[in-house]
Amino acid sequence: MTEKPRIEQVILVEGKYDAAKLADLVDALILPVGGFAVFTRDETKALIRRLGAQRGLIILTDSDAAGFRIRAYLNKLAQGLPVQNAYVPAIAGKERRKASPSKEGLLGVEGVPAREILRALETAGATMRPRRQGRELTYADLYELGISGTPDSAERRRALLTRLGLPPRLSKKAILEVFNSLYSYEELAAAVNGAITPSRESRP
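Start counting the sequence shown at 81; every next residue gets the next number (this note's numbering).
Here it is in structure tokens:
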């Protein structure tokens, strides 16, 4: 089995099905923005800017008019940050899960062939990410640090996310991905104990 390329930048896609397709192809932090909902979700917008400042962004949306509208908004939102745009070709068709084609009759990112997506990321200038030194955070670490699975973990988790400038409503899976993107185990443990490194805490 071919090892998936590890990409440094955070990849922004429209929805969860696009994210699932990308997760099969690359090892990267993939963030679904919720389509047009990103226009009004302040927490999502703040997270995009935070992660963009940390690792850079690759915007990968559908090739229809709606996709380009979302792309334009994301580029404006990320102004001043390192951003690359990846474009998939306009291919006529319908995803298997859908009863009928989209308004423009084009495949979304989820339906575009894998080779075209990988080519789009390469053309956009995706940066290969080196292997992390030491182990990554796990769900067990979240439990041991008291921010998941314990009686008061929900309150402690919300307080920690707020202190770190992250959306308090992140899912458990998203929390692990974001923490692994921003912190080492030692840094997160220090944050849980209230000893946050100033350079980390003050990042946008």
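For every residue, glycine included, the Cβ atom is placed at its ideal position computed from N, Cα and C.
In this text the structure is predicted, and so the values were computed from the model without any measurement.
Check your understanding: Should the region 183-193 be regarded as contacting the region 88-98, the criterion being three or more beta carbon pairs within less than 8 Å?
Key -> By the criterion of at least three beta-carbon pairs nearer than 8 Å, the region 183-193 is in contact with the region 88-98.
Review point. Of the residues L268, V106, S264, which one's Cα is nearest the Cα of R199?
Key: In the sequence shown, counting from the first residue as 1, residue 199 sits at position 119. Among L268, V106, S264, the Cα nearest to that of R199 belongs to V106.
Check your understanding: Counting pairs of Cβ atoms below 8 Å between the region 82-94 and the region 138-148, do you hit three or more?
Key -> When C-beta atoms of the region 82-94 are compared with those of the region 138-148, three or more pairs fall below 8 Å, so the two segments count as touching.
Practice item. Just confirm the distance between the C-beta atoms of I150 and G115, as a whole number of angstroms; I'd bet it's less than 8 Å. Key: Here residue 150 is taken as the residue at index 70 of the sequence shown, counted from 1. Here residue 115 is taken as the residue at index 35 of the sequence shown, counted from 1. 7 Å between Cβ atoms; contact.
Exercise for review: Verify the CB distance criterion: does R149 have a CB-CB separation below 8 Å to chain B?
Suggested key: Chain labels in this structure do not include chain B; a single protein chain is all it has.
Check your understanding: What is the rounded straight-line gap between the Cα of R130 and the Cα of L157?
Key -> The sequence position of residue 130 within the sequence shown is 50, counting from 1. The sequence position of residue 157 within the sequence shown is 77, counting from 1. Looking at the backbone, the Cα of R130 and that of L157 are separated by about 11 Å.
Check your understanding: Cβ of P247 within 8 Å of Cβ of A133?
Key -> For the purposes of this step, residue 247 is identified with residue 167 of the sequence shown, where counting begins at 1. For the purposes of this step, residue 133 is identified with residue 53 of the sequence shown, where counting begins at 1. Their beta carbons are not under 8 Å apart, which means P247 does not touch A133 by this criterion.
Review point. Considering only C-alpha positions, which residue in the set R249, K174, D221 is nearest to Y265?
Key: For this step, residue 265 is matched to residue 185 along the sequence shown. Ranking R249, K174, D221 by Cα distance to Y265 puts D221 first.
Practice item. Would you check whether the ligand MG has a heavy atom nearer than 7 Å to the C-beta of T207? Key: The model on display carries no ligand, and the ligand MG is accordingly not part of it.
Exercise for review: Taking E123 and R249 to be in contact with their CB atoms under 8 Å, please state how far apart those CB atoms are, rounded to whole angstroms.
Suggested key: On the sequence shown, residue 123 is found 43 positions in, with the first residue counted as 1. On the sequence shown, residue 249 is found 169 positions in, with the first residue counted as 1. With 8 Å as the limit, E123 and R249 qualify as a contact, their Cβ atoms being about 7 Å apart.
Practice item. Give me whichever residues DSSP pairs with Y287 in a beta bridge. Key: Residue numbering for the chain in the displayed model covers 81 to 284; residue 287 lies beyond these limits and cannot be assessed.
Review point. Whole-angstrom Cβ separation of A152 and L201, contact assumed at under 8 Å?
Key: Along the sequence shown, read from residue 1 onward, the residue named residue 152 stands at position 72. Along the sequence shown, read from residue 1 onward, the residue named residue 201 stands at position 121. The beta-carbon separation of A152 and L201, rounded to 20 Å, does not stay under the 8 Å limit for a contact.
Check your understanding: Would the beta-carbon of Q164 fall within 8 Å of that of A194?
Key -> On the sequence shown, residue 164 is found 84 positions in, with the first residue counted as 1. On the sequence shown, residue 194 is found 114 positions in, with the first residue counted as 1. Taking 8 Å as the cut-off, the Cβ atoms of Q164 and A194 do not count as close.
Exercise for review: State the CB to CB distance for the pair E184 and D144, rounded to an integer number of angstroms; the pair is presumed to be in contact (CB under 8 Å).
Suggested key: Position 104 of the sequence shown, counted from the start, is the residue given in the question as residue 184. Position 64 of the sequence shown, counted from the start, is the residue given in the question as residue 144. Right, their Cβ atoms sit about 4 Å apart.
Check your understanding: So which of P162, L240, L244, K174 has the shortest CA-CA distance to T207?
Key -> Translated into the one-based positions of the sequence shown, residue 207 becomes position 127. Of P162, L240, L244, K174, the smallest CA-CA separation from T207 is found for P162.
Check your understanding: By Cβ distance below 8 Å, which residues in the same chain neighbour V258 in space, the five residues on each side in sequence not counted?
Key -> Position 178 of the sequence shown holds residue 258. Counting only Cβ-Cβ distances below 8 Å, and skipping sequence neighbours, we find L109, L127, L131, L246, L250.
**Study point:** Selection from E196, L240, A269 that minimises the alpha carbon distance to E224
**Key:** As a first step, residue 224 must be located in the sequence shown, where it is residue number 144. The candidate whose alpha carbon is nearest that of E224 is A269.
**Study point:** Rounded C-alpha distance that separates S182 from F148
**Key:** What you label residue 182 is simply residue 102 of the sequence shown in a count that begins at 1. What you label residue 148 is simply residue 68 of the sequence shown in a count that begins at 1. For the pair S182 and F148, the Cα-to-Cα distance works out to about 15 Å.
Exercise for review: Have a look at V168 and A146 and give me their C-alpha separation to the nearest angstrom.
Suggested key: For this step, residue 168 is matched to residue 88 along the sequence shown. For this step, residue 146 is matched to residue 66 along the sequence shown. The C-alpha of A146 is placed about 14 Å away from the C-alpha of V168.
Review point. According to DSSP, is L187 helix, strand or coil?
Key: Looking up residue 187 in the sequence shown gives position 107. Coil at L187, not helix or strand.
Point to revise | Run of the alpha helix (DSSP H) containing V113, from where it starts to where it stops | key: Along the sequence shown, one-based indexing puts residue 113 at 33. Counting along the chain, V113 sits inside no alpha helix (DSSP H), nor does DSSP assign it H or E at all.
Exercise for review: Give me the Cα-Cα distance between A172 and L102, rounded to the nearest whole angstrom.
Suggested key: Reading the sequence shown from its first residue, position 92 is the one you call residue 172. Reading the sequence shown from its first residue, position 22 is the one you call residue 102. Straight across, the Cα-Cα distance linking A172 with L102 is about 20 Å.
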